[in-house]
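If you read the sequences in order, they're chains A and B. If you're matching positions, the first sequence starts at 26 in the numbering used here and goes up one per residue. If you're matching positions, the second sequence starts at 264 in the numbering used here and goes up one per residue. To start, the structure under review is shown below, and the notes come after it.
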Amino acid sequence: MAVKDTVLDILSDLTGSDEVKENLDTDLFKSGLLDSMGTVQLLLELQSQLGVNVPVSEFDRTQWDTPNKIIAKVEQMQQQ
Amino acid sequence: MIENIISQIDKIAEEHPERLAYTYEDHTYTFGELVTTADRIAHFLQAQHLPAKAPVVVYGEQTFAMVATFLGAVKSGHGYIPIDTNSPDERIHQIHDVAQPAAILATEHLPVSFSDLPIYGPEQMATVRAKGETDYDHGQSVRGDDIFYIIFTSGTTGVPKGVQISHTNLLSYVNWAISDFSLPEGIRCLAQAPYSFDLSVMDLYPSWVLGGNLVALPKRTTDNFMLLFKALPQLKLQEWVSTPSFVEICLLDANFKAANYPDLKYFLFCGEELTGKTASQLIDRFPDAKIFNTYGPTETTVAVTGVEITKDTIAQYERLPIGYAKEDTTMYAVDAKGNKVAPGELGELIIEGPSVSKGYLNNPEKTKSAFFRDGDQQAYRSGDLGFIDQDGLIFYRGRTDFQVKLHGFRIELEDVDHALDALAPVKQASVVPKYNNLHKVTQLVAFVVPKKHPADEGAYIADLKKQLTQTAMSYMIPQRIELKESLPLTVNGKIDRKTLIAEVNPS
Numbered sequence: 026m027a028v029k030d031t032v033l034d035i036l037s038d039l040t041g042s043d044e045v046k047e048n049l050d051t052d053l054f055k056s057g058l059l060d061s062m063g064t065v066q067l068l069l070e071l072q073s074q075l076g077v078n079v080p081v082s083e084f085d086r087t088q089w090d091t092p093n094k095i096i097a098k099v100e101q102m103q104q105q
Numbered sequence: 264m265i266e267n268i269i270s271q272i273d274k275i276a277e278e279h280p281e282r283l284a285y286t287y288e289d290h291t292y293t294f295g296e297l298v299t300t301a302d303r304i305a306h307f308l309q310a311q312h313l314p315a316k317a318p319v320v321v322y323g324e325q326t327f328a329m330v331a332t333f334l335g336a337v338k339s340g341h342g343y344i345p346i347d348t349n350s351p352d353e354r355i356h357q358i359h360d361v362a363q364p365a366a367i368l369a370t371e372h373l374p375v376s377f378s379d380l381p382i383y384g385p386e387q388m389a390t391v392r393a394k395g396e397t398d399y400d401h402g403q404s405v406r407g408d409d410i411f412y413i414i415f416t417s418g419t420t421g422v423p424k425g426v427q428i429s430h431t432n433l434l435s436y437v438n439w440a441i442s443d444f445s446l447p448e449g450i451r452c453l454a455q456a457p458y459s460f461d462l463s464v465m466d467l468y469p470s471w472v473l474g475g476n477l478v479a480l481p482k483r484t485t486d487n488f489m490l491l492f493k494a495l496p497q498l499k500l501q502e503w504v505s506t507p508s509f510v511e512i513c514l515l516d517a518n519f520k521a522a523n524y525p526d527l528k529y530f531l532f533c534g535e536e537l538t539g540k541t542a543s544q545l546i547d548r549f550p551d552a553k554i555f556n557t558y559g560p561t562e563t564t565v566a567v568t569g570v571e572i573t574k575d576t577i578a579q580y581e582r583l584p585i586g587y588a589k590e591d592t593t594m595y596a597v598d599a600k601g602n603k604v605a606p607g608e609l610g611e612l613i614i615e616g617p618s619v620s621k622g623y624l625n626n627p628e629k630t631k632s633a634f635f636r637d638g639d640q641q642a643y644r645s646g647d648l649g650f651i652d653q654d655g656l657i658f659y660r661g662r663t664d665f666q667v668k669l670h671g672f673r674i675e676l677e678d679v680d681h682a683l684d685a686l687a688p689v690k691q692a693s694v695v696p697k698y699n700n701l702h703k704v705t706q707l708v709a710f711v712v713p714k715k716h717p718a719d720e721g722a723y724i725a726d727l728k729k730q731l732t733q734t735a736m737s738y739m740i741p742q743r744i745e746l747k748e749s750l751p752l753t754v755n756g757k758i759d760r761k762t763l764i765a766e767v768n769p770s
């Protein structure tokens, strides 16, 4: 499965909403879809499902606040 | 033992005016500044001739202005109702309607307006804090059974309940906290919880009466992990007070360990269950620190039990104890008929003592069902299930009703049902917790029967969540909403929440 689909499935599962699949530029934090604890779950899922290890201390929320940004970040980290 | 919280803080300001009392990012405030600022607010409030002892709302975030206004209010003779800036407008209206406060002191811009009471805005309050007169009538200050603060918690009917905490209640808590956790004078303590949440009281007054410095960690910093982990080591904390959930986030950073936090020697947890796994990770990272687990409903003032958690405690118990009742407090467990059960047997925990609130503000019905007098002691039916062993060690095992804790926030599931039921597109709703394998609630799941089945389910769910942000606190909004044709019913015709709980938590 493409990175995009996996990320969207993770997000949809965590937020319990398909909005994340319909509007990939939706702000996950401002819309209340993700909170701090949800973010922790997201990082753990990215690690277990995609092998992407984001150190929590380097997690700048402003760079991860939409589905599109998260997909881009994950793809970039997988290439490194 | 201290006798009066306000005069103890005044005494520290007199003897050590240069000592730090509050730190907010790059700003520090001394005890001298704290007391002068509070005195100015007290002078100002007394000059308004508000009804005697009537509570006032203090609105703001985790700033010095907010806490100085708390102190100013009680000095002037008015208990305070803290409301955090993250509260939805509807919540502010509800608190206003229940509490009928004498005034609102807004340290930040208030997003709502009321015509029936004076509202002192941020500019006016800033002028008072900077330039006001400092003399006031000390004889009117909050003392004894006067109400010190009122904290609103989730109610079951969609209306929040205001827990009234008197000076006597708070003093009982503070004296216990400073002696049982053997906190040293001048301690530097984390202030992370918003002030509308009674966990914040766990650090605020014990630290101040010890001449200590509260170091605020604002929500916008904790929300962005990169900022959080940059800020944390610079706080030079000696004492940590938080929910277990918050420390679990911090433990995700491998650098969260004694080598980088050499002064951090005390961890106090309250608000939800501390798991053996978290406690054991903390002991490994901070081998020289003392870790205390505590327990207490807002109605009994912050916490009424405590115990140090060691490697032995973790090895001995599969679920950690919540501690022993504090010295001035009696706790016992009762069965469904209200009879005391034998040691080791499960029952509802009853809490009796000087820190138990007199009841909910302007809500005699709920007060009567939760509080009672036992001889000369005030008693509270906690609704928490637990047992007490032969030695008086107490263990928590769940709820007798549908109240849950999510990341430390107390939520009545009926309250969330109400918020959903009130939305136009919803016919019926029932909210249930999803637990992880450590008995912790990780998500709220709502089952919703729509009035008309939507063509686009995703848009319908997104719309419900959006509408909820107008009426419900953010932590009350279910993470998942699932649509159903109908909800299961019990034989009595009520929504069968237990069946729904089993559906989201398959064993």
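We put the CB at the ideal spot given by N, CA and C, even for glycine.
- For glutamate 70 of chain A, the closest Cβ of chain B is not nearer than 9 Å.
- Chain B has a Cβ within less than 9 Å of the Cβ of valine 81 of chain A.
- The residues Phe710, in chain order, have a CB closer than 6 Å to that of glutamate 745 of chain B in the same chain once the five nearest residues on each side in sequence are set aside.
- A residue is called buried when at least 16 other Cβ atoms come within 10 angstroms of its Cβ; proline 525 of chain B does not meet this threshold and is exposed.
- Contact between the segment 324 to 335 of chain B and the segment 453 to 469 of chain B is present, with at least three C-beta pairs closer than 8 Å.
- Between lysine 520 of chain B and phenylalanine 549 of chain B a beta carbon distance of about 7 Å is seen, short of the 8 Å cut, so the two are scored as contacting.
- Inclusion of lysine 499 of chain B and arginine 451 of chain B in the CB contact set at 9 Å is warranted, their separation being smaller than that value.
- Contact with chain A is found for aspartate 486 of chain B, since one of that chain's Cβ atoms lies less than 9 Å from the residue's Cβ.
- Per DSSP, reduced to three states, the secondary structure at phenylalanine 509 of chain B is helical.
- Remark: fewer than three beta-carbon pairs, one from each stretch, lie closer than 8 Å, so the segment 397 to 412 of chain B and the segment 669 to 683 of chain B are not flagged as touching.
- For valine 504 of chain B, the closest of B/Cys533, B/Thr485 and B/Lys482 by C-alpha to C-alpha distance is B/Cys533.
- Here glutamate 675 of chain B is bridged, per DSSP, to B/Gln666.
- DSSP, read as helix, strand or coil, puts alanine 393 of chain B in helix.
- Cβ-Cβ distances below 8 Å link aspartate 759 of chain B to Leu750, Pro751, Leu752 and Thr753 in the same chain, with the five nearest sequence neighbours on each side left out; the list follows chain order.
- By the criterion of at least three beta-carbon pairs nearer than 8 Å, the segment 658 to 665 of chain B is not in contact with the segment 622 to 635 of chain B.
- When DSSP states are grouped into helix, strand and coil, leucine 545 of chain B belongs to the helix group.
- Between tyrosine 322 of chain B and the set B/Asp486, B/Asn432, B/Ala315 and B/Ile346, the nearest pair of CA atoms involves B/Ile346.
- Under a criterion of Cβ atoms nearer than 7 Å, the residues of chain B adjacent to threonine 40 of chain A are, in order, Gln742.
- A straight line joining the alpha-carbon of proline 688 of chain B with that of threonine 64 of chain A spans about 29 Å.
- Chain A places no beta carbon closer than 9 Å to that of histidine 702 of chain B, leaving this residue out of the contacts.
- The three-state reading of DSSP puts phenylalanine 307 of chain B in helix, counting H, G and I together.
- For the segment 40 to 55 of chain A, the residues whose beta carbon sits under 7 Å from a beta carbon of chain B are, in order, Thr40, Gly41, Ser42, Asp43, Glu44 and Glu47.
- Bounds of the beta strand (DSSP E) holding isoleucine 413 of chain B are 410 to 416.
- For the segment 700 to 732 of chain B, residues whose beta-carbon sits nearer than 8 Å to a beta-carbon of chain A comprise Thr705, Gln706, Val708, Glu720, Gly721, Ala722, Ile724, Ala725, Lys728, Lys729 and Thr732.
- When DSSP states are grouped into helix, strand and coil, aspartate 637 of chain B belongs to the strand group.
- Taking the C-beta atoms as reference points, tyrosine 529 of chain B is found nearer than 9 Å to phenylalanine 444 of chain B.
- In this structure, glutamate 562 of chain B sits near valine 619 of chain B, with a CB-CB distance shorter than 9 Å.
- In terms of beta-carbon proximity, phenylalanine 492 of chain B lines the interface with chain A, with at least one pair separated by less than 9 Å.
- Scanning chain A for C-beta atoms nearer than 9 Å to the C-beta of aspartate 516 of chain B yields Pro80, Val81 and Ser82, reported in chain order.
- The alpha-carbon of valine 319 of chain B is positioned some 44 Å away from that of alanine 522 of chain B.
- Between the C-alpha atoms of aspartate 85 of chain A and lysine 600 of chain B there is a straight-line separation of about 54 Å.
- Closest in alpha carbon position to glutamate 748 of chain B, among B/Lys715, B/Ala765 and B/Met739, is B/Lys715.
- Here histidine 372 of chain B is exposed, its C-beta having fewer than 16 other C-beta atoms within 10 Å.
- Taken atom to atom, the span from the alpha-carbon of tyrosine 643 of chain B to that of glycine 342 of chain B is near 22 Å.
- Between aspartate 85 of chain A and chain B, the shortest Cβ-Cβ separation is below 9 Å.
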